[in-house]
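Right, one structure below, let's go through it.
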Amino acid sequence: MAMAAVGVLGGCQSAVEVDPGPTASAPVCAEVLRALPDELAGAERRSTTSQASAAWGEDPAITLRCGVQPPGPTTDRCITAEAANGTSVDWVVTELGDVEGGWQFTTYGRVPAIELTVPVFHAGNASDADPTTLLVDLGEAVDIIGAERSCLGLDDV
Numbered sequence: 627m628a629m630a631a632v633g634v635l636g637g638c639q640s641a642v643e644v645d646p647g648p649t650a651s652a653p654v655c656a657e658v659l660r661a662l663p664d665e666l667a668g669a670e671r672r673s674t675t676s677q678a679s680a681a682w683g684e685d686p687a688i689t690l691r692c693g694v695q696p697p698g699p700t701t702d703r704c705i706t707a708e709a710a711n712g713t714s715v716d717w718v719v720t721e722l723g724d725v726e727g728g729w730q731f732t733t734y735g736r737v738p739a740i741e742l743t744v745p746v747f748h749a750g751n752a753s754d755a756d757p758t759t760l761l762v763d764l765g766e767a768v769d770i771i772g773a774e775r776s777c778l779g780l781d782d783v
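Using our numbering, you'd call the opening residue of the sequence shown number 627 and step up by one each time.
Shown next as structure tokens:
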């Protein structure tokens, strides 16, 4: 009987600690959170410690924060993730240089902005270890916050 209890407790995951964004209380963030998928890159959604945030998978978890400061004009890499249904979202990409590595994606041209952090551990779960495939899966939910600006390439200026 004691073994069964240990097995059940061992399978529980604690809430993922995520700092809230400065404007996490924006009503549109609640709409985005309700529209997020229960699974991302094969990882199940988990509870978090803050408002307007989500997490998926084992630690270090994939995390999303709504209500972060929107990036201004930048020369950082900006990509457009376009879904088959025509939904497209621009993201500024930052490669994380910490010990575990990974990527941080911040929506461009949307207020409030959304930030997605993908540890390198989870990029292997995405097809061809490409973390940008996750962005397409989030596109419909993120698109609830309308685009006010878009990324420009060298051909656009």
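Note that CB positions come from ideal geometry on N, CA and C, so glycine has one too.
Computed from a predicted structure; not experimentally measured.
Strand pairing of residue i, partner residues [DSSP]
i	result
A656	Bridge partners of A656: none, in fact.
I770	According to DSSP, I770 bridges with nothing at all.
A709	Paired residues: none, contrary to the question.
C704	V718
R736	A773
Status (buried if at least 16 other CB within 10 Å, exposed otherwise) for residue i
i	result
M627	Below a pLDDT of 50, predicted positions are generally treated as unreliable, and M627, at 41, falls in that range; no measurement from the model is reported.
T732	buried
D702	exposed
D645	exposed
D760	Position check: residue 760 holds Leu in this sequence, whereas Asp was assumed. Buried, since its Cβ has 16 or more Cβ neighbours within 10 Å.
D664	exposed
S651	exposed
N751	Because N751 carries a pLDDT of 47, less than 50, the predicted location of this residue cannot be relied on, and the following value inherits that uncertainty. With 16 or more other Cβ atoms within 10 Å, it is buried.
P757	buried
A667	buried
A630	For A630, the predicted structure reports a pLDDT of 41, less than 50, and the residue's modelled location is therefore unreliable. A value from the coordinates is still provided. With fewer than 16 Cβ atoms within 10 Å of its Cβ, A630 is classed as exposed.
E643	exposed
D685	exposed
A739	buried
First through last residue of the beta strand (DSSP E) which encompasses residue i
i	result
S714	714-721
V744	739-745
G728	728-733
Residue i: CB within 7 Å of a non-hydrogen atom of the ligand SAH
i	result
W682	You won't find the ligand SAH in this model; it holds no ligand whatsoever.
Integer Cβ distance of residue i from residue j, believed to fall under 8 Å
i	j	result
R691	A678	7 Å
D600	T713	Nothing can be reported for residue 600: it is not among the residues displayed for the chain, which extend from 627 to 783.
V715	G772	Incorrect: roughly 11 Å between the Cβ atoms, too far for contact.
Within the segment 637-700, ranges of the beta strand (DSSP E) (whole runs, at least 3 residues) = DSSP runs (the beta strand (DSSP E)) wholly in the segment 637-700: 669-672, 679-682, 688-694.
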